[in-house]
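Enquirer: Structure in structure tokens, see below.
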Amino acid sequence: MTREFAERQSQIEAYIRSHREEMLQALRDAVEIKSPSVYAEGTNAAIAFFHSLVPELDAKVTRLSGGTYGDHLLLESKNCSSPCIFFVGHVDTVFPVGTEWPFSIEGSNAYGPGVIDMKSGVITLLYGLKALQATGGIPFSYKVLLNTDEEMGSPSSKNYLPELAKGVDYAFIFEPAQPDGRVINTRKGIGKFDVYVTGKAAHAGKSPETGINAVLEMAHQIINAENLARKEMLTTMNAGFVEGGQSAFIVAPSAHAEIESRIVIPEEQKRVEAGMAALADKTHVPGTTVRVTGGFHRPPLVRRPGSELLEAAVLKAAELMGLKIEFSMSGAASDGNNLSGYGIPVIDGMGPVGGREHSHDEYLELETLYERTELLALSLLALVER
Ligand SMILES: [Zn+2]
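The structure is reproduced here in structure tokens:
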């Protein structure tokens, strides 16, 4: 480690230490802004609030239309020093207006809607950049995207990613770290399929032979779909919802199932999609017709060329802080999945440590708000100064 790096580290630590109160107040203010994805007024307010935290960045500011959602905020550095790093956070939460509960601190944890998913993550992102700016400047070019629709699957903001991903060397996502502190370098991709079977109704007692049982056909279809799972490749299939028929004394005229697939290996997408489409070609109950719709809407987040450099930078930063950081896979998806789909090395779970997100027990280990802010700032320095 160079002497300059050690000096910079102590400056960053001093910056964060002297801004602890301010960061906590910012978190409290952010959590108290009601910002469920479907409440554009609230997500717009959250965007404006987070933007107000970084006047010193002197970034180019663009509001990207969110359609029926709030506007997304894009901040871009004016300088163009390489590498170009993309930071993505979301300001929306899953809690409808009227179901919120107040921000609170009990023991070493903070509570409140979105406290870990991911308002504290956005604070980490912004204060990581602020700390660099205040201690000698930000030595790379960057794009910061704060979006308002991630919890809905980013239906609006993901349309901007193909353009925004151009020229990006690395991406950092600020979803929470795992409850045990691990950072995320792999996420499963998600496919969702609907299977519809059409048969023919008949009285099950008087004339069963004139009916065609769609529920029976669906039973075969579900087994065939589940057989697309590949344990050794971590490809899963889940027939999680099924409906059909009218009553026990009527031969079932129709059935519908929702089937999800999760994959880790990108090539599995083609195989599963082809396998699901092929279900319609082979029926078991004569006279039924089968229709399959859907596909993968989130590619997996996988390690790409350059991911090893990102991971090495995070490990180096952790070592300098005396932290033990490991990497892990998550079965849940994030905006990191979409960015990984463009071939960008992505590190996710760079937000603070906490858990039970999407529930009223959602919590943040408060001390990790400061810890992960330092981890981010040092990781970025290690990445560009290697
Ligand atoms: Zn999230």
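Residue numbers for the sequence shown follow our numbering, beginning at -3 and rising by one.
We put the CB at the ideal spot given by N, CA and C, even for glycine.
1. How would you call VAL111, buried or exposed, if buried means at least 16 neighbouring beta carbons within 10 angstroms?
2. Buried or exposed: where does LYS56 fall if 16 or more other Cβ atoms within 10 Å of its Cβ makes it buried?
3. Distance, Cα to Cα, GLY347 vs LEU23?
4. Going by the beta-carbon positions, is the gap between THR121 and PHE83 smaller than 9 Å?
5. Classify LYS162 as buried or exposed, calling it buried when 16 or more other Cβ atoms lie within 10 Å of its own Cβ.
6. With a threshold of 8 Å (Cβ to nearest heavy atom), would VAL358 be considered close to ligand 1?
7. May I have all residues whose beta carbon comes closer than 7 Å to any heavy atom of ligand 1, sorted in chain order?
8. From the DSSP output, in three-state form, read off PHE46 for me.
9. Answer with buried or exposed for THR39, where buried requires no fewer than 16 other C-beta atoms within 10 angstroms of its C-beta.
10. Are the CB atoms of HIS356 and TRP97 nearer to each other than 9 Å?
11. For ASN155, does the three-state DSSP call read helix, strand or coil?
12. Give me the Cα-Cα distance between ASN33 and ALA41, rounded to the nearest whole angstrom.
13. For LEU365, which option in GLY177, ARG(-1) and LYS312 has the closest C-alpha, if you only look at C-alpha atoms?
14. Just to confirm my understanding: we take LEU306, look at its own chain, exclude 5 residues before and 5 after, and list those with CB closer than 6 Å. What are they?
15. Within the region 90 to 153, note down every full beta strand (DSSP E) run reaching 3 residues or more, in order along the chain.
16. Hey, could you find the ends of the beta strand (DSSP E) TYR192 is sitting in?
17. Per DSSP, PRO32 forms a beta bridge with which residues?
18. Using a 10 Å radius around the Cβ and a threshold of 16 neighbouring Cβ atoms, would you call ASN209 buried or exposed?
19. Quick one, which of VAL211, GLU146 and LYS74 has its alpha-carbon nearest GLN242's?
20. The alpha helix (DSSP H) with TYR11 in it runs from where to where?
21. Could you tell me if ARG13 is buried or exposed, where buried requires 16 or more neighbouring beta carbons within 10 angstroms of its beta carbon?
22. Count the other CB atoms within 10 Å of the CB of LYS278; is the residue buried (16 or more) or exposed (fewer)?
23. Bridge partners of PHE245, per DSSP?
24. Do you know whose CA, among GLY94, LEU335 and GLY62, lies nearest SER303's CA?
25. Around the C-beta of ALA10, are 16 or more other C-beta atoms found within 10 angstroms, so that it is buried, or is it exposed?
26. In the DSSP assignment, what residue or residues form a beta bridge with PHE323?
27. Can you tell me where the beta strand (DSSP E) holding HIS356 begins and where it ends?
28. Nearest by alpha-carbon distance to GLY117: which of ILE101, HIS68, LYS126 and PHE170 is it?
29. Mapping the DSSP letters down to three states, classify HIS293 as helix, strand or coil.
30. Need the endpoints of the beta strand (DSSP E) that ARG258 sits in, please.
31. Does DSSP put ARG368 in a helix, a strand or coil?
32. Taking DSSP as the reference, what is the three-state secondary structure of VAL268?
Expert: Once the coordinates are examined:
1. buried
2. exposed
3. 13 Å
4. With the sequence shown as reference, residue 121 is identified as Leu, and Thr is not the correct amino acid for it. Closer than 9 Å, so yes.
5. exposed
6. The amino acid occupying residue 358 in the given sequence is Glu; Val does not appear at that position. Answer for GLU358: no, Cβ out of range of ligand 1.
7. HIS86, ASP113, MET114, GLU146, GLU147, GLU171, SER330 and GLU353
8. helix
9. buried
10. yes
11. helix
12. It is Ser, not Asn, that sits at residue 33 in the sequence shown. Rounded to whole angstroms, SER33 to ALA41 spans 12 Å at the Cα level.
13. GLY177
14. TYR166, PRO341 and ILE343
15. 100 to 102, 105 to 107 and 137 to 143
16. 185 to 194
17. THR89
18. buried
19. VAL211
20. -1 to 14
21. exposed
22. exposed
23. Looking at the DSSP assignment, PHE245 forms no beta bridge with any residue, so it has no partner.
24. LEU335
25. exposed
26. VAL179
27. Neither: HIS356 is in no beta strand (DSSP E) and is coded neither H nor E.
28. PHE170
29. strand
30. 250 to 259
31. helix
32. helix
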